[in-house]
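Right, one structure below, let's go through it.
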Amino acid sequence: MEKREELYRGKAKSVYKTDDADRLILLFRNDTSAFDGKRIEQLDRKGMVNNKFNAFIMQKLEAAGIPTQFDKLLADNEVLVKKLDMIPVECVVRNYAAGSLVKRLGVEEGMKLNPYTFELFLKDDAKGDPFINESHVVAFGWGTAEQLARMKELSLKVNDVLTKLFDDAGLLLVDFKLEFGVFSDGSIVLGDEFSPDGCRLWDKDTKKKMDKDRFRQGLGDVIEAYEEVAQRLGVPL
Ligand code: TMP
Ligand code: ASP
């Protein structure tokens, strides 16, 4: 597999073409961003930890029947993935109230949501990733009703699989964000990454935050917390 030119540089990852038209290479950098990229810092080891964490989770999801873009780990910071045409919509599943839900509705952080909630955000930093609904996705042509239904179905399946996986490691999966894309065969496939950058994880007993909220809220020991989560799950680092 030959790495070719950079196709796109995101806030935390860079995407490269390869000599295979159906495959890309993702490079996980140490850049850590918050507040739609308004704050960016370098955190040692973050790229490597998130790359390996993501590979571990994507393989668990594949084993549970969820199609993902993961192909194979290439290096500490690099992974080979299926090339997807990304849908610019973020799917957020919440099991407990936190973050923007608490801000928006004034509910108490940590309140159990029964049932879980499913929300959509437009992936657009310049607009602050605005909250949108299903009819917006279809009306503005970001995805079809069928694609959206599949994204929702897969998001809820991911929630079932990962809630159990994290629970067995003594962690509450509070909420998470997923992004999907369309593969060359037209199917909807889970893309982007799953790492402590894009989810909230609390220790079940102490409720200690073990995710990117440590960075957003200036709590310190960000990567140390990511590494502890990885170690509890058995992710080889
Ligand atoms: P929120 O509470 O800020 O809406 O975020 C909900 C979850 O989704 C949280 O785990 C962080 C994740 N998320 C991202 O990773 N990137 C984003 O752009 C958004 C909107 C959410
Ligand atoms: N994707 C968002 C950003 O990098 C995540 C956050 O707000 O923390 O700005």
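Take 1 as the starting number for the sequence shown in UniProt numbering and just add one per residue.
Note that beta-carbon positions come from the ideal geometry of N, C-alpha and C, so glycine has one too.
Nothing here was measured: the structure is a model prediction, and the numbers come from that model.
Are there any heavy atoms of the ligand TMP lying less than 7 angstroms away from the beta-carbon of residue i, as far as the coordinates show?
i      : result
Arg23  : no
Ala98  : yes
Lys177 : yes
Arg200 : yes
Leu101 : yes
Glu41  : no
Val92  : yes
Asp19  : no
Phe140 : no
Asp129 : yes
Phe215 : no
Phe166 : no
Phe194 : no
Phe28  : no
Asp203 : no
Asp197 : yes
Phe118 : no
Phe183 : no
Phe56  : no
Phe180 : no
Phe35  : no
Phe121 : yes
Look up residue i in the DSSP assignment and give the residues it is bridged to.
i      : result
Val138 : Bridge partners of Val138: none, in fact.
Asp175 : Arg94 and Arg200
Tyr16  : Glu6 and Ile25
Lys209 : Trp202
Ala34  : Arg39
Phe180 : Leu190
Thr117 : Arg94
Leu122 : Val89
Ile223 : The partner list for Ile223 (beta bridge, DSSP) is empty, contrary to what the question assumes.
Phe131 : Phe121
Who are the Cβ neighbours of residue i in its own chain at under 6 angstroms, not counting the five residues just before and after it?
i           : result
Gln69       : Val81, Lys82, Leu84, Val189 and Gly191
Gln147      : Ile188
Lys54       : First, the residue type needs correcting, since residue 54 is Asn and not Lys in the sequence shown. Hits under 6 angstroms: Glu193, Phe194 and Ser195.
Lys72       : Leu80
residue 242 : The structure shown has nothing for residue 242, since the chain only spans 1 to 237.
Phe56       : Val235
Gly218      : none
Among residues of its own chain, excluding the 5 on either side of residue i, which ones have a beta-carbon nearer than 7 angstroms to its beta-carbon?
i      : result
Asp221 : Arg214
Asp203 : Gly170, Leu171 and Met210
Ser135 : none
Would residue i and residue j qualify as a contact pair, given that the criterion is a beta-carbon distance under 8 angstroms?
i           : j      : result
Val89       : Asp175 : no
residue 239 : Leu61  : Limits of the chain in this structure are 1 at one end and 237 at the other, which puts residue 239 out of reach.
Leu24       : Thr18  : yes
Ala230      : Val49  : yes
Arg29       : Lys13  : yes
Leu113      : Arg94  : yes
Glu108      : Ala98  : no
Leu173      : Phe166 : yes
Gly37       : Asp168 : no
Ile87       : Gly181 : yes
So, at 8 angstroms on beta carbons, what are the nonlocal neighbours of residue i in its own chain, with the 5 sequence-adjacent residues on each side left out?
i      : result
Met111 : Tyr96 and Ala97
Val15  : Glu6, Leu7, Tyr8, Arg9, Leu24, Ile25, Leu26 and Leu27
Arg104 : Phe131
Trp142 : Ile87, Pro88, Val89, Leu122 and His136
Practice task
Could I get the ranges of all uninterrupted beta strand (DSSP E) runs contained in the region 57–111, with 3 residues as the minimum, in chain order?
Solution key: 70–75, 78–82 and 85–96
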